[in-house]
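So for the sequence shown, this note's numbering puts the first residue at 132; every next one is plus one.
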Amino acid sequence: MTTEHLDTETLHKIFVQPRTAHQFTQQDVSDEQLRAIYDLTKMGPTAFNSQPLRLTFLRSTTARERLLPHVAPSNQPQIQQAPVSAILSFDTQWVDKFEKFNPPMAHAAQKFSREESRLHSAEQSATLSAGYLITAVRALGLSAGPMTGANFSAINQEFFPDGNQRAFMIVNIGYSTPTPYKRNPRFSFEEVAEIL
Ligand SMILES: Cc1cc2nc3c(=O)[nH]c(=O)nc-3n(C[C@H](O)[C@H](O)[C@H](O)COP(=O)(O)O)c2cc1C
132 MTTEHLDTET
142 LHKIFVQPRT
152 AHQFTQQDVS
162 DEQLRAIYDL
172 TKMGPTAFNS
182 QPLRLTFLRS
192 TTARERLLPH
202 VAPSNQPQIQ
212 QAPVSAILSF
222 DTQWVDKFEK
232 FNPPMAHAAQ
242 KFSREESRLH
252 SAEQSATLSA
262 GYLITAVRAL
272 GLSAGPMTGA
282 NFSAINQEFF
292 PDGNQRAFMI
302 VNIGYSTPTP
312 YKRNPRFSFE
322 EVAEIL
């Protein structure tokens with residue numbers, strides 16, 4: 132099934148106008164908004180429909196303080212200021228859930244007997260889902276600030292000591308104040324694409 136072509140204004144609102152958020156207003160983000168973000172994110176395609184992305188939303192000061200020592204100093208004020216900081220991780224045990232997420236293909240679990248291929252697939256699909264999440268945040272009128280300037284081994288120790296999840300990105304979510312610096316250029320189609 133294909134979708135109807137969105138109008139130019141809507142496309143601009145989702146893809147062109149939003150900037151990466153580095154500073155946020157005081158406006159809160161509700162639990163309902165976080166659920167709405169997930170309900171859009173989860174519909175994006177993942178390998179075998181595996182949906183390995185896991186989300187840990189930090190709202191309280193106590194929760195945020197557990198993350199702060201493990202992010203780059205320049206990223207700390209962004210986390211302190213954002214109404215919500217999400218730790219994005221992937222499920223290292225995703226193969227055990229084949230019967231739930233893809234009953235007809237449950238036999239494919241055996242393709243992932245090697246840990247390396249299990250983790251690679253989970254990280255790849257969860258990273259794609261991070262993109263869907265950022266787009267969902269924007270489509271819902273909020274701003275997203277993705278960050279990887281952090282010590283993810285230390286974050287895993289702090290939040291996922293049993294090894295069942297591996298963190299790979301933090302996304303601050305809220306209402307951005309106007310970005311103070313000029314946008315950097317994007318590559319043109321001719322510079323990066325070829326049609327064979
Ligand atoms: C995977 C990823 C990692 C990033 N890590 C950081 C980070 O650690 N700290 C930060 O301030 N910005 C970080 N950014 C923000 C980027 O610098 C920003 O999205 C990019 O420059 C585009 O900015 P624009 O949306 O304003 O055009 C990251 C973005 C992505 C997608």
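We put the CB at the ideal spot given by N, CA and C, even for glycine.
With a cutoff of 8 Å on beta-carbon distance, M278 and L219 are scored as not near each other. Set against 7 Å, the gap from the CB of N282 to the closest heavy atom of ligand 1 is not smaller. Distance from the C-beta of R190 to the nearest heavy atom of ligand 1 is not below 7 Å. At a threshold of 7 Å, P234 does not count as near ligand 1, since its beta carbon sits no closer than that to any of the ligand's heavy atoms. DSSP places M132 in the coil class of the three-state scheme, outside both helix and strand. In the three-state DSSP reduction, I326 falls in the coil class, being neither helix nor strand.
Residue range 184 to 189 is occupied by the beta strand (DSSP E) that includes F188.
Nearest C-alpha to A267 among L199, H153, L137, D170: D170. Not one heavy atom of ligand 1 lies closer than 7 Å to the C-beta of Q212.
Shown here for A257: same chain residues with a beta carbon closer than 6 Å to its own, the five before and five after excluded, namely P183, L184, F221 in chain order.
With a threshold of 7 Å, the Cβ atom of Q209 counts as near ligand 1, since some heavy atom of the ligand is closer than that.
At least one heavy atom of ligand 1 lies less than 7 Å from the C-beta of T279.
As for any alpha helix (DSSP H) of minimum length 4 sitting wholly inside the segment 241 to 299, the runs are 246 to 270, 283 to 290, ordered along the chain. In this structure, the straight-line span from the alpha carbon of P149 to that of A275 is close to 9 Å.
DSSP, reduced to helix, strand and coil, places S319 outside both helices and strands of the structure shown, so it counts as coil. Between ligand 1 and the CB of R269, the shortest heavy atom gap is not smaller than 7 Å. The Cβ atoms of L264 and Y306 do not sit closer than 8 Å to each other.
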